[in-house]
Amino acid sequence: MAPNVTNAPTGVLFENETVEEIKKCVLIKEKEEEKPEPKQYKLDIVWRNVILFLVLHTGALYGLYLAFTSAKLLTSIFAYFLYVLSGLGITAGVHRLWAHRSYKATWQLRLLLTIFNTLAFQDSVIDWARDHRVHHKYSETDADPHNATRGFFFAHIGWLLVRKHPQLKEKGKGIDLSDLKSDPILAFQKKYYLLVMPLVCFVIPTAIPMYFWGETFGNAFFVPTILRYTFTLNMTWLVNSAAHFFGNKPYDKSINPAQNIGVAIFALGEGWHNYHHVFPWDYKTSELGNYSFNFTTAFIDFFSRIGWAYDLKTVSEDVIKKRVQRTGDGTHEIWGWGDKDQPEDEKQSAIIINPQKTA
Numbered sequence: 096m097a098p099n100v101t102n103a104p105t106g107v108l109f110e111n112e113t114v115e116e117i118k119k120c121v122l123i124k125e126k127e128e129e130k131p132e133p134k135q136y137k138l139d140i141v142w143r144n145v146i147l148f149l150v151l152h153t154g155a156l157y158g159l160y161l162a163f164t165s166a167k168l169l170t171s172i173f174a175y176f177l178y179v180l181s182g183l184g185i186t187a188g189v190h191r192l193w194a195h196r197s198y199k200a201t202w203q204l205r206l207l208l209t210i211f212n213t214l215a216f217q218d219s220v221i222d223w224a225r226d227h228r229v230h231h232k233y234s235e236t237d238a239d240p241h242n243a244t245r246g247f248f249f250a251h252i253g254w255l256l257v258r259k260h261p262q263l264k265e266k267g268k269g270i271d272l273s274d275l276k277s278d279p280i281l282a283f284q285k286k287y288y289l290l291v292m293p294l295v296c297f298v299i300p301t302a303i304p305m306y307f308w309g310e311t312f313g314n315a316f317f318v319p320t321i322l323r324y325t326f327t328l329n330m331t332w333l334v335n336s337a338a339h340f341f342g343n344k345p346y347d348k349s350i351n352p353a354q355n356i357g358v359a360i361f362a363l364g365e366g367w368h369n370y371h372h373v374f375p376w377d378y379k380t381s382e383l384g385n386y387s388f389n390f391t392t393a394f395i396d397f398f399s400r401i402g403w404a405y406d407l408k409t410v411s412e413d414v415i416k417k418r419v420q421r422t423g424d425g426t427h428e429i430w431g432w433g434d435k436d437q438p439e440d441e442k443q444s445a446i447i448i449n450p451q452k453t454a
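Under my numbering, think of the first position of the sequence shown as 96, with each following residue one higher.
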């Protein structure tokens, strides 16, 4: 029978051991035993956020009423236009470009997407991308910012109404953000966010209809500003909630994210979530070979053609086929291209569209 070897001090002196070493081991063991149990997480509601979101959604409902009763048609069209731009700031910008590094962009496109992202007002690119990388790395755990296992409401908006789980803060520290912090455009946005964001998200969208086509302040403020902003928020949140609860799972049935065509339509192509969580580094976030229900891919492809987007990463049919055949296996948890846990064969088999030319 093998000896029962443990690290616990026995009080017996072995060769090369001293009494001091034995005492030190005993002290360490006593300290470990005295260590208090970790505090159990308690939901801490942030009532300021609850009130702000109630006011915001009330204003959005009033904006919807004005859109059908008194706002000019051009104002409503302008609101939709801003929704698309701000949506692209999330989908093509902070999500596919910066959080997942699924393609690269010249400074011109990065600047444009940073402006669109500021219009969306969902936190700075660096902070949004950090939380999203944690979401993919630790999906459906306490470290996931909008952990869907805590219910639809929590995944949709509830996570913004309570203080972050300690696990999220802890795991977030281990996420590499050096690529984002080294970008001067993103560094500028983060540094001056509280100055630039109100102008881009609220002041300018209100001023344009009033100045260019004589819209009233009330219509200009509540329709293309408050209604548009709230609608964009909820379309983004549907990716975290509805796309984690409703839809089929052709790529991996063992995870919650699902293929949801409704979310794909309203979130500009972000509803193919089962595929996205399996292959988070694919710039299309879907297997689709066309632009149906994926406007963001069309946007990226356009800028690829004019040279502003390059190194577009996508998955080969062979890799997809093999993955589908293994449906039911646990997904490989990576936050995007370049994650330390991404398999080398997956990187080698990836297709790079419009690769950057080296001198």
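Cβ coordinates follow ideal geometry from the N, Cα and C atoms, glycine included.
Element boundaries [alpha helix (DSSP H), containing residue i]
i: Lys167; result: That residue, Lys167, is in no alpha helix (DSSP H); it is neither H nor E in DSSP.
i: Ile280; result: 279 to 286
i: Val419; result: 412 to 420
i: Asn242; result: From DSSP, Asn242 is part of no alpha helix (DSSP H); its letter is neither H nor E.
i: Asp139; result: Premise fails: Asp139 is in no alpha helix (DSSP H) and is neither H nor E.
i: Arg205; result: 202 to 215
i: Lys259; result: Taken as a continuous stretch (DSSP letters only), Lys259 belongs to no alpha helix (DSSP H), as it is neither H nor E.
i: Ala224; result: 220 to 232
i: Tyr306; result: 299 to 308
Distance between beta carbons of residue j and residue i, contact taken as under 8 Å
i: Val229; j: Leu281; result: Between Leu281 and Val229 the Cβ distance is about 18 Å, and since that is not below 8 Å, they are no contact.
i: Asn355; j: Phe341; result: 6 Å
i: Val145; j: Thr213; result: Incorrect: roughly 25 Å between the Cβ atoms, too far for contact.
i: Thr391; j: Ala187; result: 5 Å
i: Ala224; j: Ser181; result: Their Cβ separation, rounded to whole angstroms, is 17 Å, which puts Ala224 and Ser181 out of contact at 8 Å.
i: Thr409; j: Lys442; result: Incorrect: roughly 12 Å between the Cβ atoms, too far for contact.
i: Ile185; j: Gln217; result: 6 Å
i: Phe176; j: Pro304; result: About 11 Å; that fails the 8 Å criterion.
i: His152; j: Thr311; result: No, His152 and Thr311 are not in contact; Cβ-Cβ is about 22 Å, not under 8 Å.
i: Phe297; j: Met330; result: About 19 Å; that fails the 8 Å criterion.
i: Lys464; j: Trp308; result: This structure cannot settle anything about residue 464, because the visible part of the chain is limited to 96 through 454.
i: Asp377; j: Ser197; result: 6 Å
i: Leu208; j: Leu363; result: In fact, because the Cβ distance is near 13 Å, the residues do not count as touching under 8 Å.
Three-way DSSP call (helix, strand, coil) for residue i in this model
i: Thr153; result: helix
i: Ile448; result: strand
i: Val121; result: Its pLDDT being 48, under 50, Val121 is placed unreliably in this model, and the value from its coordinates should be taken loosely. Helix, per DSSP.
i: Gly184; result: helix
i: Ile270; result: coil
i: Ala250; result: helix
i: Thr320; result: helix
i: Thr325; result: helix
i: Thr409; result: strand
i: Gly425; result: With a pLDDT of 36 at Gly425, under the threshold of 50, the predicted position of this residue should be treated as unreliable, and no value is reported.
i: Lys130; result: Only weak support exists for where Lys130 lies, its pLDDT of 49 falling under 50; the value from the coordinates is given anyway. Note: Lys130 maps to coil in three-state DSSP.
i: Trp430; result: At Trp430, the pLDDT of 43 sits below 50, so the modelled position is not reliable and the matter cannot be decided from this model.
7 Å Cβ shell around residue i - same chain, five flanking residues per side excluded
i: Ala162; result: Ser171, Val318, Leu322
i: Tyr157; result: Phe317
i: Val189; result: Asn212, Val220, Trp223, Ala224
i: Ala338; result: Pro352, Ala353, Asn355, Val358, Gly366, His368
i: Ser411; result: Ser444, Ile446
i: Trp193; result: Val220, Ala224, Leu275
i: Ser399; result: Tyr405, Leu407, Ile448, Asn449
i: Glu382; result: Tyr370, Ile415
i: Glu112; result: Reliability of the predicted coordinates at Glu112 is poor, the pLDDT of 49 falling under 50, and the value obtained from them is presented with this limitation in mind. Once the five neighbours on either side are set aside, Glu112 has no close Cβ partner at all.
i: Ala315; result: Thr170, Thr301, Pro304, Met305
i: Thr327; result: Tyr178, Ser181, Gly182, Ala215
i: Gly455; result: Here the chain has residues from 96 to 454 only, and residue 455 is not among them.
i: Phe394; result: Leu183, Ala187
i: Tyr386; result: Thr392, Ala393
i: Arg418; result: Tyr346, Val373
Close Cβ partners of residue i (< 6 Å) along its chain, the five nearest in sequence each way excluded
i: His241; result: Ala250, Trp254, Asn335
i: Gln262; result: Asp237, Ala238
i: Lys344; result: Ala353, Asn369
i: Thr201; result: Trp403
i: Arg191; result: Ser197, Tyr378
Cut-off 8 Å between Cβ atoms - residues of its own chain near residue i, not counting five sequence neighbours on either side
i: Leu256; result: Ile140, Val141, Asn144, Val145, Phe148
i: Gly423; result: Caution is warranted here: a pLDDT of 43 is assigned to Gly423, below 50, making its placement in the model unreliable, and no coordinate value can be reported.
i: Gln451; result: Lys199, Tyr405, Asp406
i: Val291; result: Thr213, Gln284
i: Gly246; result: Gly253
Closer than 7 Å: residue i CB and nearest the ligand MN heavy atom
i: Leu208; result: Among the components modelled here there is no ligand, and therefore nothing to report on the ligand MN.
Identify every run of the alpha helix (DSSP H) within the segment 331 to 407, keeping only runs that are complete inside it and at least 4 residues long; order them along the chain. 356 to 361, 368 to 373, 390 to 400
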